[in-house]
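Chemist:
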Amino acid sequence: MVSQHQSKDFGSKKNEGKELGMVAPQDKSSKKMKFASSSAETEPTSQTAISDDSKTGRGMCTMPHVVKRKLQKLRPIVEYNKRGKGIGQAHSEMQSYIGVLARSRVPLVDKKWSQIPKDIKEQIWEAVDMAFVVGQGGKNSVLSSAAKKWKDFKSTLTTHYILPYTNDKEKLSQPPETYKFIEKAQWDAFVASRLSKDFESVHSQHAQIREKLKYNYRLSRKGYAGLEDQLEETMPGVEIDRSTLWKRARQDKHGNIPDPKVAEKAKLIDELQKQVSEGKVSVYGSNDVLTMALGPEHPGRVRGVGSGIFPRQYFNLPKPQRVSFDDRLKDSLRVLLQEETKKMEAKAREEALRMEARTKQLVEAEREHFLSQLSQLIPNFDPSMLKPRISQSPKNPMSDKASCFGGDVRSLHFEDDTAKNGKHQEDEEKEEEKKDEEKEEEKQEEKEKEDEKKHDDKVIEVGDYSNMEAPSSLKTLCRYVETTLMPEEKILQLTIDKEVFGRERDTFLLPEDITQFAGMEEIGATVVAVYMRYLHDVLKQANMCSMVGFIDPATVSANSGTIADRSRLVAARLQKTDGEQIFMMSYNPGLVSLTGFCFYDFQ
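Pasting the structure below:
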């Protein structure tokens, strides 16, 4: 019933096909539109064109049948394709109706769309929503389409009704007969803005940009989405890729391509499609036939599918993962800690080498001084008679909690040459004894090297904690370092209370600190500070904190400022006491050797 009424008022389907610019049988207008307010389906109706004179041609589109449907409360349902682009007759009519609203309701002013009052935009949306079922999220697309059509309308007026008549003031004095709804005041202001020097410069720039476009398409209101929908109807079972759409969008109504540049690219597309079908060329992702023919894609754009389609949406690219701020902060801190650890290790190695060289110098100077003293005390003293020998490494002090061991013990060995009271034997006997002693010394040195190697293997290989002569708690700590801290690159964070060093601070133990401690190697100020904290806890349990105090090893370290700065820090720490405490302070400003310390168990 609705179809008969509309056909009576607005013409036959034949005339309608001409007005929509479609050729049968590819005309999608043969489909019936679905309505939200009724179960009835109707044939699409034509648009009424009102001409301002007797000449043939397209006049202003007014869409009266849409208004009539609104009065009947009939709302066609706008359909969408798989990419969310509108298709079908209802979508085409809606776009035409949006153009009517944009031309008639938005003032003809020289402003941007963002400067148009919001109430006018709301009126456009409400009018479209009353005439069509747009669907969820359709308001933004409707207003975006209205903005484009309003801009195109101003461009049409400028190109066809103003610039060609710049020298004919009479032609520019009145609005065009086709658009009589334009108020004269608005028209005069619009003409003045279009004839200004500023607009002339902008128009020239846009004309230069327009000339750079190589491949112009020839689509109507249906766009790429409508073209794809039309091809799916006429070519059932055939996959329509964007290279086919790009080529079809540049053909005229007879199927020809007038532009020779476009025709050349279309021929290349046909050849590539043939090679792909024969398996000679493979396509993947965005590297498809159209990309091979035209070159790489512009970032964020997809050619041959219309606006609003993004590469990730069309090519099914994986969504980029978003990294939270906390994760980025953790990664940055992890990198900084690794860099700082490497710097600390390098600095520790340099300090160790420097201390070793300094120690050798001191030992050599002490040896020379000692030999000079012996030369004065012993007549006819021969320095070669004094042969230093390093004894075996001391027992691991951790195996005996209450014991105290010093550094390496050096013993003095004198040759038994029977030279008492300044007497010497014959030269031959001396030579024989020297040879025997040299052999004995070589054997002794080889034995000492083997013992030292065994000792080093024992203390450095921390992973073999089962054979360590150490308390069970230390073995458990080593096992935790080996199984948890090292694989996961973690560190131990400890808080030292204010009552220990006079100020609260956090300290961090690296896995290397613990392994060096367990392996009886040199340790840094951090390990000493942690030990002082433990000793403070023991003293606290015994109510002895008032008797003993501690000075932070970090404040007296060689890396902590100058000697004057360290002295001031120590003095400031001592001033905060009642003067009756005994303070413990690390006497070694650099690395500390465990073999030179005493460990006490107050329990």
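So for the sequence shown, this note's numbering puts the first residue at 411; every next one is plus one.
Every residue, glycine too, gets a C-beta built ideally from N, C-alpha and C.
1. Could you check whether Val477 and Glu503 sit closer than 8 Å to each other, using their CB atoms as the reference points?
2. Counting only runs that start and end within the stretch 669–753, where is the alpha helix (DSSP H) found for 4 or more residues in a row?
3. I think Leu511 touches Ala556, with their Cβ atoms under 8 Å apart; what is that distance to the nearest whole Å?
4. Could you tell me which residues DSSP pairs with Phe609 in its beta bridges?
5. Taking the C-alpha atoms as reference points, what is the distance between Ser583 and Ser603?
6. Which of the three DSSP states, helix, strand or coil, is assigned to Phe591?
7. Quick one: grab the DSSP three-state call for Gly971.
8. Could you pull out every residue in the same chain whose Cβ sits closer than 7 Å to the Cβ of Thr987, ignoring the five residues on either side in sequence?
9. Under 8 Å, do Gln903 and Asp916 count as touching if we go by C-beta distance?
10. Taking only three categories from DSSP, how would you classify Ser996?
11. If you draw a straight line from the alpha carbon of Ser782 to that of Glu774, how long is it in whole angstroms?
12. Just to confirm the assignment, what range does the beta strand (DSSP E) spanning Asp916 have?
13. Would Leu979 pass as a contact of Thr965 if the rule is Cβ separation under 8 Å?
14. Hey, how far is the Cα of Glu638 from the Cα of Val712?
15. Can you give me the C-alpha to C-alpha distance between Lys671 and Val538, rounded to a whole angstrom?
16. Alpha carbon to alpha carbon, how far is Phe918 from Tyr941? Give it in angstroms, no decimals.
17. With a Cβ-Cβ cutoff of 8 Å, do Ala635 and Gly547 count as a contact?
18. Pick out whichever of Ser956, Glu909, Val519, Glu532 has its Cα sitting closest to the Cα of Gln596.
19. So, does the CB of Ile992 fall closer than 8 Å to a CB anywhere in chain B?
20. With distances taken Cα to Cα, identify the nearest neighbour of Val693 among Ser717, His708, Arg652, Leu553.
21. Should the stretch 525–539 be called in touch with the stretch 575–582, which here means at least 3 C-beta pairs below 8 Å?
22. Can you say whether Pro709 is buried or exposed, counting buried as having 16 or more other CB atoms within 10 angstroms of its CB?
23. Quick check: what's the CA-CA separation for Met994 versus Ile961?
24. Does the beta-carbon of Ala676 have 16 or more other beta-carbons within 10 angstroms, so that it is buried, or is it exposed?
25. Taking the beta strand (DSSP E) that Thr905 belongs to, which residues open and close that run?
26. Please return the same chain residues whose Cβ sits closer than 7 Å to the Cβ of Asp907, not counting the five positions on each side in sequence.
Modeler: Well, looking at it:
1. no
2. 670–687, 699–704, 721–724
3. Rounded, the Cβ-Cβ distance is 7 Å, consistent with contact.
4. Its beta-bridge partners do not exist; DSSP assigns none.
5. 14 Å
6. coil
7. coil
8. Gly959
9. yes
10. coil
11. 12 Å
12. If you look at Asp916, you'll find it in the beta strand (DSSP E) that goes 915–919.
13. Against a cut-off of 8 Å, the Cβ pair of Thr965 and Leu979 comes out as a contact.
14. Annotation: Glu638 to Val712 spans about 15 Å, alpha carbon to alpha carbon.
15. 40 Å
16. So the alpha carbons of these two residues sit roughly 13 Å apart.
17. no
18. Val519
19. The chain labelled as chain B is not found in the depicted structure, where only one protein chain is given.
20. The option with the nearest alpha carbon to Val693 is Arg652.
21. no
22. exposed
23. 6 Å
24. buried
25. 902–906
26. Glu914
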